[in-house]
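Okay, structure first, notes after.
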Amino acid sequence: MRSILNRRNVAILAAALLIAAAVIFAAGSDGGPGIFTRGLRALANPSKRAVASVAKTYESIYGYMYDYEQVVAENERLKSELAELRQDYREYNEVSEENARLHALLGLTARHPDYAVDKATVIQWGASNWQSTFTISKGSSNSAVKRGDAVITETGVMLGRVSEVGSVSSVCVSVLDTTFTAAVGIGQFGAAGVVSGDFTLRAEGRLLLTDITGDTTVFSGDSVVTSGRGSVFPEGLMIGTVTGVVPAENGLGVYAVVTPSADLTSAMNVFIVTDFNPEL
Amino acid sequence: MNKKKSLYRNREAVRAAAGIVMRLVFLYAVYFVEGIAAPYFRFLPAVPLLLPLAAVGFAMFRGSTQGAALGLFAGALLDVSLDRPVLLFMLTTTALCMLIGALCETVVARSLPAYLVISLAVLLLYAFMQMFPLLFFERVPPRALLMTGVRQTAASLPFALLFYPLLRRRR
């Protein structure tokens, strides 16, 4: 006890009590902190500002680092979500397009209930410069496809016929090939003829229409559709449109040039008419 | 000593087998470009015939036996790429490569001009074989067929310059 209450300690205690008393008595009449408090605070202000500045800098760095990591994580999450949404959108588009094709096919099969139709994909376009062929994804093991079957689009436009049937794929000749022929009806007034591929016209993407019979004249713009004669192809499949009528070289009759309706450069999804009733 | 010899023979056999596999893979890659990718190259005047060029190159620089074997494979792939039954071009390419290999082993020089001349002759022959049924059975005008043959040959021959450095044997 004596060691604590030595002269020095007592002097310090007394000074503290004096300062406290002075602060109490020196407090402003408005209840403010008083002159001593203001003075001490003014002395402490620079230090406070320095410490506050350092703390602020530290907080901003920490906040930046912490927020940066959060932003990076959120960016990755959003990228992943975006990739999933894009995939969903692509699948939606594919399903939507297939839906439209099947709707169109439904219209075709509604008009022709006797058609037995099988879906296929064009997997390869022919590499020959002398033939116009393509390969489809159906063969004897996964379809009822057989040689001679018509290959059409969902709207009933003819692309060609099956020429060779493999086990999982089949080779088809397009309407432009020189080995393709079909009996057709022309226009609205009962003219008939035979459409066939021509080597010279093939380079221009056109067909030849010959053996035109009937009492009416053929005009540019007339539609050319399969007539069903001979029961080779179903009736009513659109082949193309007459784009030119030329007198025959021997002077007897005319022949015509037909532009096919099928897009033979980009058709991908096709249908095979595996069976039909020729009497309908 | 016997062990060294047998090891050497084994290594040589493995190297030879690997070489054959590489050549078959090369031919399949050529088939892929010609039969699957080239129909989409619409900037070319015609779809080029590349498999005969590759087969002829192998026959020139590898001899008649290897040339015939690789020509058989190349000809079969050519028939497949042209949507034909595997018969005509398989037999033709095999026989041609055997003949070319034998000629190059004896009288014909194994050089770039010789390769180009032989390639041109083979391309013209193949064009004629392809136009034959159209000319005689379907009575297609010869002029149209000749133009197609010329376009096909013109589209194919430049690829011989590409194949030559790949196929020639470096001594």
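Protein sequences, first through last, are from chains A and B.
Under my numbering, the first sequence has 19 at position 19, and the numbering climbs by one with no breaks.
Count along the second sequence starting at 1, add 1000, and that's the number in my numbering.
Positions of the beta carbon are idealized from the N, C-alpha and C atoms, including for glycine.
### Query
Should T1094(B) go down as buried or exposed, given a rule of 16 or more other Cβ atoms within 10 Å for buried?
buried
### Message
I'd like to know if V171(A) contacts chain B, where contact means its C-beta is closer than 8 Å to some C-beta of that chain.
### Response
It does; some Cβ of chain B falls within 8 Å.
### Query
Secondary structure at R288(A), three-state DSSP: helix, strand or coil?
Absent from the structure is residue 288(A), since the part of chain A shown begins at 1 and ends at 280.
### Message
If the cut-off is 8 Å on Cβ atoms, which residues from the stretch 110-139 of chain A count as contacting chain B, listed in chain order?
### Response
Listed by position along the chain: Q124, W125, G126, A127, S128, N129, W130, Q131, T133, T135.
### Task
Measure the beta-carbon distance from G240(A) to S261(A) and round it to whole angstroms, keeping in mind my assumption that it falls under 8 Å.
5 Å
### Task
Tell me whether the beta-carbon of Y1031(B) lies closer than 8 Å to the beta-carbon of L1072(B).
no
### Query
Is the Cβ-Cβ distance between V194(A) and V258(A) less than 8 Å?
Here V194(A) is not near V258(A), since their CB atoms are 8 Å or more apart.
### Task
Measure the CB-CB distance between S174(A) and T133(A) and report whether it falls below 8 Å.
yes
### Query
Are at least three pairs of beta-carbons, each pair with one atom in the stretch 80-99 of chain A and one in the stretch 137-144 of chain A, less than 8 Å apart?
no
### Message
Is there a C-beta anywhere in chain A that falls below 8 Å from the one on D1083(B)?
### Response
Judged by the 8 Å Cβ criterion, D1083(B) is in contact with chain A.
### Task
Name, please, each residue of chain A whose Cβ falls closer than 7 Å to the Cβ of T1148(B).
N129, W130
### Query
Between the Cα of V245(A) and the Cα atoms of V254(A), L237(A), M238(A), which residue gives the shortest distance?
V254(A)
#### Entry: Contact with chain A by L1134(B), beta-carbon distance below 8 Å
It does: the Cβ of L1134(B) has a partner Cβ on chain A nearer than 8 Å.
### Query
How about T1106(B) and M1129(B): are their beta carbons less than 8 Å apart?
no
### Message
Could you pull the DSSP bridge partners for R238(A) from this structure?
### Response
Sequence check: residue 238(A) is Met here, not Arg. M238(A) pairs with V157(A), V225(A).
### Task
Just the chain B side, please: which residues come within less than 7 Å of T200(A) by C-beta, in chain order?
P1141, A1144
### Task
Alpha carbon to alpha carbon, how far is F271(A) from R147(A)? Give it in angstroms, no decimals.
14 Å
### Task
Pick out whichever of S1081(B), A1018(B), A1017(B) has its Cα sitting closest to the Cα of Y1028(B).
S1081(B)
### Query
Which of helix, strand or coil does DSSP assign to Y255(A)?
strand
#### Entry: For L1051(B), the nearest candidate out of L1044(B), P1045(B), A1038(B), F1043(B) (CA to CA)
A1038(B)
#### Entry: Neighbourhood of T213(A) by C-beta, 6 Å cutoff - its chain only, sequence neighbours within 5 removed
A192
#### Entry: Amino acids of chain B, ordered along the chain, whose beta-carbon sits closer than 8 Å to that of T178(A)
Contacts between T178(A) and chain B, judged by CB atoms closer than 8 Å, involve L1134, E1138, V1140 in chain order.
### Task
Can you pull the chain A residues whose beta carbon is under 8 Å from the beta carbon of P1039(B), in chain order?
Q124, W125, G126, A127
#### Entry: Cβ neighbours of R1171(B) in the same chain (closer than 8 Å, five flanking residues each side left out)
Its pLDDT being 49, under 50, R1171(B) is placed unreliably by the model, and the measurement read from it follows with that caveat. Once the five neighbours on either side are set aside, R1171(B) has no close Cβ partner at all.
#### Entry: Environment of I1118(B) [buried if 16+ CB atoms lie within 10 Å]
Burial call: buried.
### Task
State the start and end residues of the unbroken beta strand (DSSP E) segment that holds I170(A).
A quick correction: the sequence has Ser, not Ile, at residue 170(A). Bounds of the beta strand (DSSP E) holding S170(A) are 170-174.
#### Entry: Short Cβ contact (8 Å threshold) for T1148(B) with N129(A)
yes
### Selection from D114(A), A150(A), E154(A), K79(A) that minimises the alpha carbon distance to N269(A)
Looking at the Cα atoms, E154(A) is the closest of the given residues.
### Task
Please check the pair L105(A) and V117(A), which I expect to be a contact at CB under 8 Å, by giving their CB distance rounded to whole angstroms.
7 Å
### Message
Just checking: is the beta-carbon of A1055(B) within a distance shorter than 8 Å of some beta-carbon in chain A?
### Response
no
### Query
So, using beta-carbon positions, are L1134(B) and T178(A) closer together than 8 Å?
Taking 8 Å as the Cβ cut-off, L1134(B) and T178(A) qualify as a contacting pair.
### Query
Over what stretch of residues does the beta strand (DSSP E) that includes F271(A) continue unbroken?
269-275
### Message
By the three-class DSSP mapping on this structure, what secondary structure does S196(A) have?
### Response
In this structure, S196(A) counts as strand in the three-state DSSP scheme.
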